[in-house]
Amino acid sequence: MSDIITHDAEATHKLGYLLGQRAQAGDVIVCAGALGAGKTTLIQGFAAGLDVDEGQYVRSPTFTLMQIYRGRHPLYHFDFYRLAHADEVWDIGFEDCLETGGVVVMEWGDKFPSVLPASRMEIRFEIISADQRRIAWTSTDDSHHHYHEIDPVTAAR
Numbered sequence: 001m002s003d004i005i006t007h008d009a010e011a012t013h014k015l016g017y018l019l020g021q022r023a024q025a026g027d028v029i030v031c032a033g034a035l036g037a038g039k040t041t042l043i044q045g046f047a048a049g050l051d052v053d054e055g056q057y058v059r060s061p062t063f064t065l066m067q068i069y070r071g072r073h074p075l076y077h078f079d080f081y082r083l084a085h086a087d088e089v090w091d092i093g094f095e096d097c098l099e100t101g102g103v104v105v106m107e108w109g110d111k112f113p114s115v116l117p118a119s120r121m122e123i124r125f126e127i128i129s130a131d132q133r134r135i136a137w138t139s140t141d142d143s144h145h146h147y148h149e150i151d152p153v154t155a156a157r
C-alpha cells in the first residue's frame with residue numbers, strides 16, 4: 001500500500017498526473033471516498049498524465065454515468081454514484097470497456113464489489129480537513145505494481 005496526504009486540490013491533481021503517467025493498457029482503478037474528497041480532481045490529473053488532450057474537459061460523469069477520453073490509452077471514466085443496483089453496471093457498458101485494453105477508472109466503484117474484476121487498484125480518499133486529504137492506493141495483485149513506484153514526498157510537493 002502507498003499513501004500520501006495532500007494539502008490542496010493542486011497536490012491531488014499532481015498525484016493523479018503521476019499515476020496517469022504510469023497507466024498501462026488494461027488497468028482497472030476503483031476510487032472510493034466521500035463526496036468532495038477529491039476523486040474527480042485526481043482523475044482529472046490522471047487523464048492529463050495519460051496524455052488526454054486538454055480540449056477534452058474531464059468531469060465527473062455523475063449524470064452520464066460514463067465518459068470516454070482519448071489519450072495514450074483510451075480512458076473509460078465511470079461514476080456508479082447514481083446507480084441503485086449492481087445489474088445496472090452491465091447496462092452502461094462496463095463489461096465491454098473492461099475488454100478493450102483501455103484504462104477503466106470508477107468513482108464510487110466500491111459501491112458494487114461483486115462486479116469488480118479481481119485484478120484492480122483501489123484508491124481510498126479520506127477527508128482530514130477542508131484542504132487536506134489522505135489518499136491511499138493498494139493493488140489486489142502484482143499487475144498494478146507500477147503505481148507503487150511513486151515517491152510520496154515528490155508527489156506531495
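Sequential numbering of the sequence shown, starting at 1, is according to the UniProt record's numbering. From the three backbone atoms N, C-alpha and C, an ideal C-beta is built for every residue, glycine too.
Problem set entry | Buried/exposed call for Met106, threshold 16 Cβ in 10 Å | buried
For this session: Output the boundary residues of the beta strand (DSSP E) element that contains Val89.
Result: No beta strand (DSSP E) holds Val89; the alpha helix (DSSP H) holding it covers 87–91.
Problem set entry | For Arg22 and Leu83, the rounded distance between their alpha carbons | When rounded, the distance between both Cα atoms is 30 Å.
Problem set entry | Status (buried if at least 16 other CB within 10 Å, exposed otherwise) for Gln44 | buried
Problem set entry | Own chain partners of Arg134 with C-beta closer than 7 Å, once the 5 adjacent residues on each side are dropped | Asp3, Ile5, Glu126, Ile128
For this session: Name the one or two DSSP bridge partners that Val103 has.
Result: Leu75
Problem set entry | Beta-carbon proximity check, Asp141 vs Ser119, cutoff 8 Å | yes
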